[in-house]
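As structure tokens, the structure follows; a few thoughts come after it.
Protein chains in written order, with the numbering used here: chain C, 884 to 1218; chain D, 2 to 137.
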């Protein structure tokens, strides 16, 4: 609404209020006076609430969820044992080049610098590009914007995350929360089509997570994701174009073991479809699980600091700001 | 209790696997190891990464200053036995780091040794050091 329209609306409200002789908020809200969005609760609703009995999830979803395999819970991505000391995560950890390994217990921050995936079916020009990017990291320069608060986006959301995931199911949508990325993807199971990547509607356009639709084929959840922004699969950093498309086949291999097999196509950069399989283990016990191998810490635990306290992007590359430098600028010690 | 070496190795592999990756490893120089001796200024046990700040000097130097040492998330630290109470301001510490490439007084944690002689993180032997000589 433009300025003129805003002004007209204010005048109109004044005239109506004067004519009615009231300025009560209830009447204002209910008189279609340009209030947008769902309606504020009415006095009648508050009255009915005194005797209202909430319908139960089980009743509402009976028969709808009952036939879906149970994916709910907190899931940690798994790293193959042969990758110990290589740093983590590699989007496809099955075949990697590791320039050096660190001993168990040494703290690592992403793939060891200069490490890369050996089996990305890039076209020759993009394989060359990937190796140039790897070389940059080896020289100490990282373009990864995740450290500066930009969420992973798909498909890194699934394959390039160091931390855990919470999955919540309903009949028509699956909510997949990536705890480390502080981000949510929605997988629509209601049969809707993908919106346009370039169309005129609000829901159109490309986003970090793109648009995911899914359906069940027996006990396998098949998910197709399109409309992503260009980005990197992981921190090595392997690039993908905005034409990337991911088809996931997600299934339980055991009571608490999940497989997500991704078939990735990218007509710009890849010479053929790339199949990447990741495994996740579900935390046991309470929710959140008490199992120390599952993610139990609230990731927004940053006290007085912004979401990512110590990394900014400078000229396209990460720059570390040390705690002592933050404190010199007036941030309180975080102890 | 003495465990067979193969068991210890298996346990070590399990511990090593999940690592945190909030920012890149690129900024640290993995080919260098600096051993600092000093006093804990603060221990920020928080997500996504923790920080151990130490007033101290590298071995062989007497130039004491503040060093900020980065470690991973509380859940990852918890898996190697490091809890919020493990380090207290004012306590002596020996800490080994991979220094920042740009020369500022900071690095990533390899291991640290507390006044009781206990080490946390990598086994000092794995990087050619003798734990007995590292007690702060």
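Built from N, CA and C at the ideal position, the CB exists for glycine as well.
Since the model is a prediction, treat every value here as computed from it, not as a measurement.
Residue burial classification, residue i (beta-carbon count within 10 angstroms, cutoff 16)
| i | result |
| --- | --- |
| residue 50 (chain D) | buried |
| residue 1128 (chain C) | buried |
| residue 1051 (chain C) | exposed |
| residue 1211 (chain C) | exposed |
| residue 929 (chain C) | exposed |
| residue 1063 (chain C) | buried |
| residue 73 (chain D) | buried |
| residue 935 (chain C) | exposed |
| residue 913 (chain C) | Confidence at residue 913 (chain C) is low in this model, with a pLDDT of 49, below 50, so the placement of that residue should be treated as unreliable; the coordinate-derived value is given next. Exposed: under 16 other Cβ atoms inside 10 Å. |
| residue 1166 (chain C) | buried |
| residue 103 (chain D) | exposed |
| residue 925 (chain C) | exposed |
| residue 1180 (chain C) | Confidence at residue 1180 (chain C) is low in this model, with a pLDDT of 45, below 50, so its placement is unreliable and no value can be given for it. |
| residue 32 (chain D) | exposed |
| residue 983 (chain C) | exposed |
| residue 1213 (chain C) | exposed |
| residue 1201 (chain C) | buried |
| residue 931 (chain C) | exposed |
| residue 1191 (chain C) | Residue placement at residue 1191 (chain C) is poorly supported in this model, since its pLDDT is 47, which falls under 50; the coordinates still yield a value, given next. Buried, since its Cβ has 16 or more Cβ neighbours within 10 Å. |
| residue 64 (chain D) | exposed |
| residue 922 (chain C) | exposed |
| residue 906 (chain C) | For residue 906 (chain C), the pLDDT reaches just 41, beneath the cut-off of 50, and the residue's location in the model is therefore unreliable, although a value from the coordinates is still provided. So residue 906 (chain C) counts as exposed. |
Proximal chain C residues relative to residue i, where beta-carbon distance stays under 7 Å
| i | result |
| --- | --- |
| residue 69 (chain D) | 1205, 1206 and 1207 |
| residue 27 (chain D) | 996, 1020, 1023, 1024 and 1025 |
| residue 81 (chain D) | 988 |
| residue 105 (chain D) | 1205 |
| residue 62 (chain D) | None at all; the shortest Cβ gap to chain C is about 18 Å. |
Chain-ordered neighbours of residue i on chain D, where CB pairs are closer than 7 Å
| i | result |
| --- | --- |
| residue 1194 (chain C) | 24 |
| residue 974 (chain C) | Residues of chain D passing the Cβ test: none, with the nearest at roughly 12 Å. |
| residue 983 (chain C) | 31 |
Beta-carbon separation (whole angstroms), residue i vs residue j, contact threshold 8 Å
| i | j | result |
| --- | --- | --- |
| residue 1014 (chain C) | residue 975 (chain C) | That pair is no contact at about 16 Å. |
| residue 970 (chain C) | residue 994 (chain C) | 4 Å |
| residue 1043 (chain C) | residue 957 (chain C) | Residue 1043 (chain C) to residue 957 (chain C), Cβ: 19 Å. No contact. |
| residue 1154 (chain C) | residue 1004 (chain C) | 5 Å |
| residue 41 (chain D) | residue 88 (chain D) | 5 Å |
| residue 1132 (chain C) | residue 1105 (chain C) | 6 Å |
| residue 27 (chain D) | residue 998 (chain C) | Actually they do not touch by this definition, with Cβ atoms about 11 Å apart. |
| residue 1152 (chain C) | residue 1009 (chain C) | 4 Å |
Contact check, residue i vs residue j, beta carbons under 7 Å
| i | j | result |
| --- | --- | --- |
| residue 1110 (chain C) | residue 1137 (chain C) | no |
| residue 990 (chain C) | residue 109 (chain D) | yes |
| residue 948 (chain C) | residue 1054 (chain C) | yes |
| residue 39 (chain D) | residue 61 (chain D) | no |
| residue 1209 (chain C) | residue 69 (chain D) | no |
| residue 121 (chain D) | residue 85 (chain D) | no |
| residue 25 (chain D) | residue 1025 (chain C) | yes |
| residue 1072 (chain C) | residue 1036 (chain C) | no |
| residue 1102 (chain C) | residue 952 (chain C) | yes |
| residue 36 (chain D) | residue 123 (chain D) | no |
| residue 1141 (chain C) | residue 1163 (chain C) | yes |
| residue 1100 (chain C) | residue 1130 (chain C) | no |
| residue 1143 (chain C) | residue 1161 (chain C) | yes |
| residue 1227 (chain C) | residue 1196 (chain C) | Lying before the first or after the last residue shown, residue 1227 (chain C) is absent from chain C, which here runs from 884 to 1218. |
| residue 1079 (chain C) | residue 1085 (chain C) | no |
| residue 1118 (chain C) | residue 1027 (chain C) | yes |
| residue 1089 (chain C) | residue 1125 (chain C) | yes |
| residue 114 (chain D) | residue 34 (chain D) | no |
| residue 107 (chain D) | residue 66 (chain D) | no |
| residue 94 (chain D) | residue 125 (chain D) | no |
| residue 996 (chain C) | residue 981 (chain C) | no |
Residues that residue i contacts on chain D, provided the C-beta gap is smaller than 9 Å
| i | result |
| --- | --- |
| residue 1118 (chain C) | 22, 24, 25, 26 and 27 |
Alpha helix (DSSP H) segment containing residue i, residue limits
| i | result |
| --- | --- |
| residue 25 (chain D) | Looking at the DSSP string, residue 25 (chain D) is not in any alpha helix (DSSP H), and its letter there is neither H nor E. |
| residue 51 (chain D) | Segment 51-59 is the beta strand (DSSP E) holding residue 51 (chain D); no alpha helix (DSSP H) there. |
| residue 941 (chain C) | 940-944 |
| residue 1014 (chain C) | 1007-1021 |
| residue 77 (chain D) | 75-80 |
| residue 1097 (chain C) | First-last for residue 1097 (chain C): 1094-1100, but that is the beta strand (DSSP E), not the alpha helix (DSSP H). |
| residue 1091 (chain C) | From DSSP, residue 1091 (chain C) is part of no alpha helix (DSSP H); its letter is neither H nor E. |
| residue 929 (chain C) | 926-932 |
Residue interval of the beta strand (DSSP E) (run including residue i)
| i | result |
| --- | --- |
| residue 1107 (chain C) | 1103-1109 |
| residue 1196 (chain C) | 1194-1197 |
| residue 1068 (chain C) | 1066-1071 |
| residue 93 (chain D) | 93-100 |
| residue 951 (chain C) | That residue, residue 951 (chain C), is in no beta strand (DSSP E); it is neither H nor E in DSSP. |
| residue 45 (chain D) | 35-45 |
| residue 1131 (chain C) | 1128-1137 |
| residue 1202 (chain C) | 1200-1203 |
Any chain B beta carbon closer than 7 Å to residue i
| i | result |
| --- | --- |
| residue 115 (chain D) | Within the model displayed, chain B is absent; protein chains C and D are what it includes. |
Listed by chain order, chain C residues near residue i by CB distance under 8 Å
| i | result |
| --- | --- |
| residue 124 (chain D) | 986, 987 and 988 |
| residue 101 (chain D) | 1203 |
Cross-chain neighbours of residue i in chain C, by beta carbon under 9 Å
| i | result |
| --- | --- |
| residue 55 (chain D) | Within chain C, no residue comes near residue 55 (chain D); the closest Cβ sits about 11 Å away, beyond 9 Å. |
| residue 127 (chain D) | 985, 986, 987, 988 and 989 |
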